[in-house]
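2 protein chains.
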Amino acid sequence: MEENGIDYVIIGPTSNMFYLTGFSEEQMERPLLLIVGKGEAYFLASKIYEEQLSSLGFPVFSYNDGEDPYSKLKIEKGSSIAVDDQLWSKFTVEIANTFLPRKLLSSSPLMSTLRVRKDENEVSIMKEGLRIAEDSFLSFLNRVEEEAEECMLAKRLEEEFYLRGVEPSFRPIVTSGPNASMPHLRCTQRKVKRGDAIVVDFGVKYRGYSTDTTRVISIGNPSQEVKMVYSLILEAQEKAEEAIEGMKGKEIDNLARSIIKRNGFGSRFIHRTGHGIGIDVHENPYISQDSEEIIERGMTFTVEPGIYLQGKFGVRIEDMVIMDSKARKMNTLEKDIFIV
Amino acid sequence: MEENGIDYVIIGPTSNMFYLTGFSEEQMERPLLLIVGKGEAYFLASKIYEEQLSSLGFPVFSYNDGEDPYSKLKIEKGSSIAVDDQLWSKFTVEIANTFLPRKLLSSSPLMSTLRVRKDENEVSIMKEGLRIAEDSFLSFLNRVEEEAEECMLAKRLEEEFYLRGVEPSFRPIVTSGPNASMPHLRCTQRKVKRGDAIVVDFGVKYRGYSTDTTRVISIGNPSQEVKMVYSLILEAQEKAEEAIEGMKGKEIDNLARSIIKRNGFGSRFIHRTGHGIGIDVHENPYISQDSEEIIERGMTFTVEPGIYLQGKFGVRIEDMVIMDSKARKMNTLEKDIFIV
Chain A
2 MEENGIDYVI IGPTSNMFYL TGFSEEQMER PLLLIVGKGE AYFLASKIYE
52 EQLSSLGFPV FSYNDGEDPY SKLKIEKGSS IAVDDQLWSK FTVEIANTFL
102 PRKLLSSSPL MSTLRVRKDE NEVSIMKEGL RIAEDSFLSF LNRVEEEAEE
152 CMLAKRLEEE FYLRGVEPSF RPIVTSGPNA SMPHLRCTQR KVKRGDAIVV
202 DFGVKYRGYS TDTTRVISIG NPSQEVKMVY SLILEAQEKA EEAIEGMKGK
252 EIDNLARSII KRNGFGSRFI HRTGHGIGID VHENPYISQD SEEIIERGMT
302 FTVEPGIYLQ GKFGVRIEDM VIMDSKARKM NTLEKDIFIV
Chain B
2 MEENGIDYVI IGPTSNMFYL TGFSEEQMER PLLLIVGKGE AYFLASKIYE
52 EQLSSLGFPV FSYNDGEDPY SKLKIEKGSS IAVDDQLWSK FTVEIANTFL
102 PRKLLSSSPL MSTLRVRKDE NEVSIMKEGL RIAEDSFLSF LNRVEEEAEE
152 CMLAKRLEEE FYLRGVEPSF RPIVTSGPNA SMPHLRCTQR KVKRGDAIVV
202 DFGVKYRGYS TDTTRVISIG NPSQEVKMVY SLILEAQEKA EEAIEGMKGK
252 EIDNLARSII KRNGFGSRFI HRTGHGIGID VHENPYISQD SEEIIERGMT
302 FTVEPGIYLQ GKFGVRIEDM VIMDSKARKM NTLEKDIFIV
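See the structure below:
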């Protein structure tokens, strides 16, 4: 904190609080904060959480509904305050207007230093999560049929997670035909058709950690054009998986992007090549065209180039990798189009 | 906005964006904002959302991964900016450090003016949501048995939602015996026992709107002490449901609180009497000891007093009401302890 010129870090009930304390809770309107600074760390929480938080090893300053929570905080006015990226702005605005910080910063650079390299325990949890996610996907394949609505298919995939005792790490994406040119559309009432490229982007939350994988399914054979674009994306994806320790994020991005550009689809690859993954589905490091971040051992991230042809179709292939001396694939699913 | 001295309102992919545009998306690290101000309203979004957002009737300013998103915004430096309460702080910090606002405010007073009184369509959606939630609860009752773990019971309740095609509006609370003295504990591995007061706090999300209800279950007869405390809470709860149009939040709170206090449990009622509900599970108006808010026709809120005896048990009863000339109950479930 000193190096970063930060007097206080304020963490909300987010992935950071889970990382630091093991405690997780949905974010709501009552401030539930972990304050770190000036040699202390304590919770600020509504009285309704007092008993629950008492066993976590930090002092708990509690307030009643109707009391001013911030009057309990020991924060000097005019300090430099770093706030949790995912903390609701309501709290940041209230804190800023109460304590008039000299500087208001993101806690992300600091928290990322702690979280970005995964230890063995974290890696084994994520691998087990992937095993469950992939097993779910393989069962799901048997339930993909012509004329089923995309959202019905998404629901069937979620059912497979549910049956295995896990939750989705994000609302799964099941898009087909022209819908798949929208990389973040979740699903629609469109009925999938024979020959559609169906993009399925899915992950589970297992013991607090996330997975994220994308595969393409087709009912019967896809068109020659889909196959051609798919094989290009597969080449680009596998090239980026050859990343080695010490490369910058932008260099890894370029491994995939240069292949796509060279084949004339550069303007149709409308996102970065990947993102870090851990407790959050998206976290540091980012594998994008401007990323100067050095990718070190223990960092886990996705490799997921895509090509999106508006009005026609879209394809994307996504694996998770962990950097060792070179990137090692964490997924085990095969990468060809799954023909069902 | 003028009345509130606000130049720009910045909305994230939250309940406010859903209310204003019908669009919903999980919040992630790329700014996805609706900017309202100086006679304009437009989206700022990553290129990956461009096609998806194009049909919503607002201009979309899109950026590529790696570009500075904020360079696309037409915000004058030194303005007064109101930000969405649930917008991640990452974006508020970035916007504050980019545009150096004269004032940084919450958009909540403004948005609440729009959202706090529900129209007929909203009310009928919420009532249908309640019907589904209550039907789920009644089926769930058949699946409550001795020695089942609290979290297993919570899962069974979620299954009932799932079977009816809806999602929980929050992670359900199923706490038993001494665990129920923690009002926001979700569940543990504790096995429920004969005679436990089991507090079940649950709701569903239906067509974008939330429900929230609490009932107490007991396997066989609960103790005399539980019965006595329960009948007190029931009296307090029903008293607060007699609220009439024009009362302040704190007056409604006091209807329940004064009965609990008079009976010596004032210090064991450790939260407010209720909260508004709509798209969000918790929203304006709040029914708390310090709430000066006038409760008007069309406002929907919960009435949920509770008593929490540490190391022993807890009870709470929660209904949703809508204010007409007087409060009208939206729930139809009976309110006695459900003996199974």
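Protein chains in written order, with the working numbering: chain A, 2 to 341; chain B, 2 to 341.
C-beta: ideal position from N, C-alpha, C; glycine also.
Exercise for the section: Could you have a look at asparagine 285(A) and say whether DSSP puts it in helix, strand or coil? Expected result: Looking at asparagine 285(A) - three-state DSSP - the assignment turns out to be strand.
Exercise for the section: Provide the residue(s) that pair with isoleucine 253(A) in DSSP beta bridges, ordered along the chain. Expected result: Paired residues: none, contrary to the question.
Handout entry: Span of the alpha helix (DSSP H) around isoleucine 82(B)
Key = Annotation for isoleucine 82(B): no alpha helix (DSSP H) segment contains it, though the beta strand (DSSP E) segment containing it runs 81 to 84.
Exercise for the section: Examine the Cβ distances between the region 157 to 168 of chain A and the region 186 to 205 of chain A and report whether three or more of them are shorter than 8 Å. Expected result: The region 157 to 168 of chain A is in contact with the region 186 to 205 of chain A.
Practice task
Would you kindly check if the distance between the Cβ of leucine 111(B) and the Cβ of isoleucine 82(B) is under 8 Å?
Solution key: Here isoleucine 82(B) is not near leucine 111(B), since their CB atoms are 8 Å or more apart.
Exercise for the section: Anything in the region 172 to 184 of chain B with a Cβ closer than 9 Å to a Cβ of chain A? List those residues in chain order, please. Expected result: Per Cβ criterion, the list reads Arg172, Ser182, Met183, Pro184.
Exercise for the section: Measure the CB-CB distance between glutamate 236(A) and lysine 327(A) and report whether it falls below 8 Å. Expected result: No, Cβ-Cβ distance for glutamate 236(A) and lysine 327(A) is not below 8 Å.
Exercise for the section: Out of Ser177(B), Ile280(B), Lys330(B), Asn332(B), state which residue places its alpha-carbon closest to the alpha-carbon of methionine 153(B). Expected result: The shortest C-alpha to C-alpha distance from methionine 153(B) to any of Ser177(B), Ile280(B), Lys330(B), Asn332(B) is the one to Ser177(B).
Problem - Chain-order list of residues whose beta-carbon lies under 6 Å from that of glycine 6(B) (same chain, five-residue window excluded) - result: Excluding sequence neighbours, glycine 6(B) sits near Ser81.
Handout entry: Distance, glutamine 87(A) Cα to glycine 345(A) Cα
Key = The structure shown does not extend to residue 345(A), since chain A is modelled only from 2 through 341, so no value can be given for it.
Practice task
Determine the direct distance from the alpha carbon of tyrosine 20(B) to that of aspartate 69(A), and round the result to whole angstroms.
Solution key: For aspartate 69(A) and tyrosine 20(B), the distance between alpha carbons rounds to 29 Å.
Exercise for the section: Output yes if chain A places a C-beta closer than 8 Å to the C-beta of glutamate 226(B); else output no. Expected result: Judged by the 8 Å Cβ criterion, glutamate 226(B) is not in contact with chain A.
Problem - Against chain A: residues of the region 86 to 102 of chain B by CB proximity under 9 Å - result: So the list reads Asp86, Gln87, Leu88, Trp89, Ser90, Lys91, Phe92, Thr93, Val94, Glu95, Ala97, Asn98, given in the order they occur along the chain.
Handout entry: Cβ-based neighbour list, glutamate 117(A), same chain, cut-off 7 Å, excluding 5 preceding and 5 following
Key = Per the sequence presented here, residue 117(A) reads as valine, with glutamate not at that position. These residues qualify, in order along the chain: Gly277, Asn285, Pro286, Met300.
Practice task
Drop a sphere of 10 angstroms on the beta-carbon of serine 56(A), count the other beta-carbons inside from all chains shown, and report buried for 16 or more, exposed for fewer.
Solution key: Note on serine 56(A): under 16 other CB atoms within 10 angstroms of its CB, so exposed under the neighbour-count rule.
Practice task
Could you tell me if proline 102(B) is buried or exposed, where buried requires 16 or more neighbouring beta carbons within 10 angstroms of its beta carbon?
Solution key: Under the 10 Å beta carbon count, proline 102(B) is surrounded by 16 or more other beta carbons and is classified as buried.
Practice task
Give a yes or no on whether the C-beta atoms belonging to tyrosine 43(B) and isoleucine 36(B) are separated by under 8 Å.
Solution key: Going by C-beta atoms, tyrosine 43(B) is nearer than 8 Å to isoleucine 36(B).
Exercise for the section: Taking aspartate 291(B) as the reference, give the member of Phe302(B), Phe266(B), Glu252(B), Arg263(B) with the closest Cα. Expected result: Closest by alpha carbon: Glu252(B).
Exercise for the section: Express the C-alpha separation of glutamate 30(B) and lysine 240(B) in angstroms, rounding to a whole number. Expected result: Roughly 46 Å separates the two Cα atoms.
Handout entry: Contacts that glutamine 190(A) makes with chain B (C-beta to C-beta distance below 9 Å)
Key = None at all; the shortest Cβ gap to chain B is about 14 Å.
Problem - Inter-residue spacing [alpha-carbon to alpha-carbon] between glutamate 123(A) and tyrosine 210(A) - result: For glutamate 123(A) and tyrosine 210(A), the distance between alpha carbons rounds to 8 Å.
Exercise for the section: Can you tell me which of Val282(A), Leu139(A), Ile288(A) puts its alpha carbon nearest to the alpha carbon of arginine 273(A)? Expected result: Residue nearest to arginine 273(A) within the set Val282(A), Leu139(A), Ile288(A) is Ile288(A) (criterion: CA-CA distance).
Handout entry: Cα-Cα separation, glutamate 243(B) to aspartate 325(B)
Key = Their Cα atoms are separated by approximately 11 Å.
Practice task
State the CB to CB distance for the pair phenylalanine 314(B) and serine 113(B), rounded to an integer number of angstroms; the pair is presumed to be in contact (CB under 8 Å).
Solution key: Actually they are not in contact, since the Cβ atoms of phenylalanine 314(B) and serine 113(B) sit about 36 Å apart, beyond 8 Å.
Practice task
Grab me the residues of glutamate 293(A)'s own chain with a C-beta within less than 6 Å of its C-beta, minus the 5 sequence neighbours each way, in chain order.
Solution key: Within the same chain, glutamate 293(A) has close Cβ partners Lys249.
Exercise for the section: Use the C-beta contact count for arginine 208(B): other C-beta atoms within 10 angstroms, 16 or more gives buried, fewer gives exposed. Expected result: By the neighbour-count criterion, in which 16 or more other beta carbons inside 10 Å mark a residue as buried, arginine 208(B) falls on the exposed side.
Problem - Unbroken alpha helix (DSSP H) run spanning glycine 130(B), endpoints - result: 121 to 142 is the span of the alpha helix (DSSP H), which, as asked, contains glycine 130(B).
Problem - Minimum Cβ-Cβ distance from serine 268(B) to chain A less than 8 Å - result: It does not; no Cβ of chain A falls within 8 Å.
Practice task
Excluding the 5 residues preceding and the 5 following valine 282(B) in the sequence, name in chain order all residues of the same chain whose CB lies nearer than 7 Å to its CB.
Solution key: Exclusion of the five residues before and after valine 282(B) leaves Ser170, Phe171, Gly204, Ser211, Asp213 as the residues of its chain whose Cβ lies within less than 7 Å of its Cβ.
Handout entry: Coil, strand or helix - proline 102(B) by DSSP
Key = In this structure, proline 102(B) counts as coil in the three-state DSSP scheme.
Exercise for the section: Please compile the residues from chain A whose C-beta is within a distance smaller than 7 Å of the C-beta of tyrosine 50(B). Expected result: Here the neighbours are His185.
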